[in-house]
Amino acid sequence: MSHSALRRATVVVGASAAAGVAAKQPYITPALSYLALSAAGKGAAVAVGRSAGFASVSSVTANRASALTAAAAATNTRKLADMFSKELVDSIYRSSFKNQTGVSLKYMMDFGAQPIQRQLMMSSQFLHKELPVRFAHRVAELENLPFGLSSKEQVQTVRDWYVESYDELKKFPEITSMADESKFTDMIKGIMDRHNNVVPMIARGVLELKLEMAKGGGGRGMGKKGLEEMMNHMPEIHQFLDGFYMSRIGIRMLIGQHVALHEPSQESYIGLICTKLSPVQVAHDAIADARSICMRQYGDAPEVEVFGDDTFTFAYVPGHLHQMLFELVKNSLRAVSDKYADSDEQPPPIRVVIAEGAEDVTIKISDEGGGIRRSGLQRIWTYLYTTADSPLLDMDGASAGPVVLAGYGYGLPLSRLYARYFGGDLQVISMDGYGTDAYLHLNRLGNVQEPLP
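Mapping the sequence shown onto this note's numbering, position 124 (from 1) lands on 124, and the numbers just tick up by one.
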């Protein structure tokens, strides 16, 4: 059984054993058993909370987290079983236990090298079967999150988007002609548009959970130290977000690649994949965008030097690489600008070094922005940590919110997911008091399958 399936099964058992809810439902289905957490009340919430790892937190922190979870479960009025039909909920449940099928960058390139009608038909048929399974896995997780996160309005809105997309895909008839294929392609374009704002919506829900925990149950705040303790003992939230966003990257890559194969061909491109991508050129583009933002915020921007072979190319997705380099350079620009804000010294340049290896292309971003304390180094990978003011506080309810990710505390963990999606990785090494080096490893062989959650 997969890790995600095992986690869902654990929630079913925990919720049912704690409150016996499944036996009290108007109709008895496995789907309602796995959705029982929302209706199980305080007992199930505490049981699930304990299985989620509250035991490792101090008793006060655990009690507060359990109280928040129980309160959220008691006040949640948008349970999946109440919002959608029994048949649809059952169908999602069954699909959530099916295995997902991963693909590799090399497979995408080989398959899309000659996008004739037969390939487009096969691609549509694959997505018609695969996408509902991936959406169902995410719906199951969104319905069963610990600490009351599932009750947040933004999380429930995202859950409903996934349910609507699942339903739309399941209702689409079997694809047997190019006319069907064309209609299917138009439909999944609409699905991509529907899910455009998933990242800020989930981020806002997590932020509200963080603020609730900071306030505590009785109006008195936990204080910074207490909040950090709570955040450090929430691995389930971080594991969920890692898996959820990795899945989202995969879904958008599959849909985007299929849609791009229908567009007029560009030289050296197979869909979204550039077969002769110059990392030096992408680095210059990302640097220009990051320095532009730095100029707007600080009125100036440190110089960025790029070292690498201008003629070297390899196959990769330019959008992914730009996203990662932009985030890393932006962080370095901010660190250097903050350190030298009140200094008459000229800020030292940031160095971007690109190296071609046998298996990996490695890009190092080095700055002298003061570094990160060793005690805080692990927190840079959490989704609840940021040193910037969060723009999410300006969101109203279920609104889409700002597009820029600065201040979410999501930039680095998302960049690491983009790197890992095709078999790479992202590492950060810092010297407190001096600066930080970020190492971005990109798998140049393209033979690693998606790491599906």
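Ideal Cβ positions, reconstructed from N, Cα and C, are used throughout, including at glycine.
Residues sharing a beta bridge with residue i, DSSP
i: residue 176; result: DSSP, once it has assigned bridges, lists no residue as partnering residue 176.
i: residue 314; result: 277
i: residue 367; result: 436
i: residue 360; result: 443
i: residue 270; result: 273
i: residue 104; result: 449
Beta-carbon spacing of residue i, residue j below 7 Å
i: residue 203; j: residue 410; result: yes
i: residue 92; j: residue 158; result: no
i: residue 415; j: residue 372; result: no
i: residue 112; j: residue 249; result: no
i: residue 141; j: residue 150; result: no
i: residue 178; j: residue 255; result: no
i: residue 437; j: residue 332; result: no
i: residue 445; j: residue 424; result: no
i: residue 464; j: residue 161; result: For the chain, the structure presents residues 1 to 453; residue 464 sits outside this window and is missing.
i: residue 259; j: residue 321; result: no
i: residue 190; j: residue 449; result: no
Alpha helix (DSSP H) segment containing residue i, residue limits
i: residue 164; result: 153–171
i: residue 199; result: 198–215
i: residue 147; result: Taken as a continuous stretch (DSSP letters only), residue 147 belongs to no alpha helix (DSSP H), as it is neither H nor E.
i: residue 143; result: 117–143
i: residue 86; result: 86–96
i: residue 261; result: Premise fails: residue 261 is in no alpha helix (DSSP H) and is neither H nor E.
i: residue 375; result: Here residue 375 belongs to no alpha helix (DSSP H), and DSSP marks it neither H nor E.
i: residue 415; result: 411–421
i: residue 81; result: 80–83
Residue i classed as buried or exposed, judged by whether at least 16 other C-beta atoms fall within 10 angstroms
i: residue 134; result: buried
i: residue 457; result: Outside the shown range of the chain, which is 1 to 453, sits residue 457, and nothing can be said about it.
i: residue 174; result: exposed
i: residue 39; result: For residue 39, the pLDDT reaches just 37, beneath the cut-off of 50, and the residue's location in the model is therefore unreliable, although a value from the coordinates is still provided. By the neighbour-count rule (16 or more Cβ atoms within 10 Å), residue 39 is buried.
i: residue 376; result: exposed
i: residue 337; result: buried
i: residue 242; result: buried
i: residue 267; result: exposed
i: residue 439; result: buried
i: residue 176; result: exposed
i: residue 156; result: buried
i: residue 362; result: buried
i: residue 334; result: buried
i: residue 247; result: buried
i: residue 257; result: buried
i: residue 188; result: buried
i: residue 345; result: exposed
Given residue i as reference, the closest of the options once Cα atoms are compared
i: residue 325; options: 151, 419 and 198; result: 419
i: residue 244; options: 383, 127 and 314; result: 383
i: residue 272; options: 316, 312 and 286; result: 316
i: residue 341; options: 329, 369, 319 and 323; result: 369
i: residue 349; options: 319, 171, 291 and 439; result: 291
i: residue 211; options: 181, 148 and 194; result: 148
i: residue 310; options: 356, 296 and 104; result: 356
i: residue 284; options: 261, 318, 265 and 253; result: 318
i: residue 146; options: 186, 237 and 295; result: 237
i: residue 275; options: 359, 110, 353 and 344; result: 110
i: residue 121; options: 80, 413, 261 and 347; result: 261
i: residue 123; options: 85, 323 and 185; result: 185
i: residue 234; options: 130, 206 and 447; result: 206
i: residue 277; options: 259, 314 and 287; result: 314
i: residue 306; options: 169, 152, 293 and 287; result: 287
i: residue 426; options: 132, 434, 115 and 417; result: 417
i: residue 239; options: 413, 344 and 80; result: 413
i: residue 252; options: 197, 428 and 364; result: 197
i: residue 360; options: 201, 170, 279 and 180; result: 279
i: residue 329; options: 339, 298 and 364; result: 364
Opening and closing residue of the beta strand (DSSP E) in which residue i lies
i: residue 307; result: 304–307
i: residue 441; result: 435–443
i: residue 355; result: 350–356
i: residue 429; result: 425–431
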